[in-house]
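Undergrad:
Residue numbers (this note's numbering): 610 to 907.
#1: Leaving out the 5 sequence neighbours to the left and right, which residues in its chain are closer than 6 Å to residue 767 when beta-carbon positions are compared?
#2: Can you tell me the Cα-Cα spacing of residue 645 and residue 842, whole angstroms?
#3: Measuring CA to CA, which of 679, 794, 756, 714 is closest to residue 744?
#4: How long is the line joining the alpha carbons of residue 683 and residue 707, rounded to whole angstroms?
#5: To the nearest angstrom, report how far apart residue 809 and residue 856 are at their CA atoms.
#6: Return the chain-ordered ranges of every alpha helix (DSSP H) run that is complete within the segment 795 to 868 and spans a minimum of 4 residues.
#7: Output the distance between the C-alpha atoms of residue 763 and residue 789, rounded to the nearest integer angstrom.
#8: Does DSSP put residue 651 in a helix, in a strand, or in coil?
#9: Determine the contact status of residue 836 and residue 702, defining contact as a CB-CB distance below 8 Å.
#10: Which residues in the same chain as residue 872 place their Cβ atom closer than 7 Å to its Cβ, once the five residues preceding and following it in sequence are excluded?
#11: For the beta strand (DSSP E) containing residue 670, name the first residue and the last one.
#12: Going by other Cβ atoms of all chains shown within 10 Å of its Cβ, with 16 needed for buried, is residue 850 buried or exposed?
#13: Could you work out which residue in 853, 852, 840, 814 is closest to residue 674 when comparing CA atoms only?
#14: I'd like to confirm the pairing. Which residues does DSSP put opposite residue 752 in its beta bridges?
#15: For residue 769 and residue 676, I'd like the C-alpha separation in whole angstroms.
#16: Go through its chain and collect everything with a Cβ distance to residue 687's Cβ below 8 Å, but skip five positions before and after it.
#17: Among 681, 678, 671, 705, which has the Cα closest to the Cα of residue 689?
#18: Using a Cβ-Cβ cut-off of 6 Å (strictly less than) and excluding sequence neighbours within five positions of residue 793, which residues of its own chain qualify?
#19: Under the rule that 16 or more other beta-carbon atoms within 10 Å means buried, what is residue 719, buried or exposed?
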């Protein structure tokens, strides 16, 4: 009787078909990452576009500056990023904020609206470029609901009895000599807006005979412009000027609690498309790890 007899092949002995199978597995392992990348690419693009759309709708959106009404704070052709998140939580514009709002009463009726092509429409829909179709305006919030605002010829803008020091006004402009007004009490749920280039801005002063009496309803406000994102040479935040923080002008507690005080918000830095891509990559990598782990588990 043979001692130590074994059934099957000896340990360490390899059959030819085992070697072929191992080589096939090694070849598949080498080719798998490249093949998997191209299979995952459509998923990556799809998730990025979806996230970009969600970011544009609920978080931040890019807008192009088409006029000179906010010089020198904003120049024609600048791209600004607008915070759309805080209005969803009931936050209303504060004095001094630069805000984007939908045309409240045909303020832009005499302005032609360019007709974008299909590609421009698609790119603006997902946030890759500013929309050319929407009739939106950008101005500075001077007074909010409950405030009394006025400006006499030769004088400063006065809010709740406090004179505003406005260094942001375009050099050589007066606060309101071309269209003095007031005193006016701003209704609740409305804001009074003015351009920084006072003598080149058709703002609230010029629409007092409209159906909204020059006021902008809060529900027409898209959001606050927080940063100049383009061109890169003009990267900057858009903080609330200190004059709106002077004692007695109004209650700024709500704005301070939300981090929107005189220091302004931190730069957003990325547009919806870039943020969408940044969010999509970790999701796809996580999915690939799950799939790879399932294939290699023994």
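The beta carbon of each residue, even a glycine, is placed where N, CA and C say it ideally should be.
Note that the coordinates shown come from a computational prediction; the quantities given were computed from them, not determined experimentally.
TA: This is what the structure holds:
#1: As a first step, residue 767 is located in the chain shown; it is residue number 158 there, counting from the start. Answer for residue 767: 759, listed in chain order.
#2: Your numbering for residue 645 matches position 36 in the chain shown. Your numbering for residue 842 matches position 233 in the chain shown. Rounded to the nearest angstrom, the two C-alpha atoms are 40 Å apart.
#3: Translated into positions along the chain shown, residue 744 becomes position 135. In terms of CA proximity to residue 744, 714 leads the group 679, 794, 756, 714.
#4: Here residue 683 corresponds to residue number 74 of the chain shown, with the count starting at 1. Here residue 707 corresponds to residue number 98 of the chain shown, with the count starting at 1. So the alpha carbons of these two residues sit roughly 10 Å apart.
#5: Numbered from its first residue, the chain shown carries residue 809 at position 200. Numbered from its first residue, the chain shown carries residue 856 at position 247. Roughly 31 Å between the two C-alpha positions.
#6: 862 to 866
#7: Taking the chain shown and counting its residues from 1, the one referred to as residue 763 is at position 154. Taking the chain shown and counting its residues from 1, the one referred to as residue 789 is at position 180. Straight-line Cα distance between these residues: approximately 9 Å.
#8: Taking the first residue of the chain shown as 1, we reach residue 651 at position 42. Three-state DSSP puts residue 651 in a helix.
#9: The residue labelled residue 836 in the question sits at position 227 within the chain shown. The residue labelled residue 702 in the question sits at position 93 within the chain shown. Contact flag unset, no.
#10: As a position in the chain shown, residue 872 is number 263, starting the count at 1. Caution applies to residue 872, whose pLDDT of 28 falls short of 50 and renders its modelled position unreliable; the value that the coordinates give is listed next. Short of 7 Å from the beta carbon of residue 872, and not among the five residues preceding or following it, lie these beta carbons of its own chain, in chain order: 848.
#11: Translated into positions along the chain shown, residue 670 becomes position 61. Per DSSP, residue 670 belongs to the beta strand (DSSP E) from 669 to 673.
#12: If you number the chain shown from 1, residue 850 lands on position 241. Classification for residue 850: buried.
#13: Your numbering for residue 674 matches position 65 in the chain shown. Per the Cα distances, 840.
#14: Taking the first residue of the chain shown as 1, we reach residue 752 at position 143. Looking at the DSSP output, residue 752 sits in a beta bridge with 801.
#15: Along the chain shown, read from residue 1 onward, the residue named residue 769 stands at position 160. Along the chain shown, read from residue 1 onward, the residue named residue 676 stands at position 67. Cα-Cα distance, rounded: 30 Å.
#16: Indexing the chain shown from 1 puts residue 687 at position 78. Closer than 8 Å at the Cβ level, and outside the excluded window around residue 687, lie 673, 674, 837, 839, 840, 843.
#17: Stepping through the chain shown from its first residue, residue 689 is reached at position 80. If we check each option's Cα against that of residue 689, 671 comes out closest.
#18: What you label residue 793 is simply residue 184 of the chain shown in a count that begins at 1. Beyond the five residues adjoining it in sequence on each side, residue 793 comes within less than 6 Å, by CB distance, of 758 in the same chain, given in chain order.
#19: In the chain shown, the residue the question calls residue 719 occupies position 110. Exposed, since its Cβ has fewer than 16 Cβ neighbours within 10 Å.
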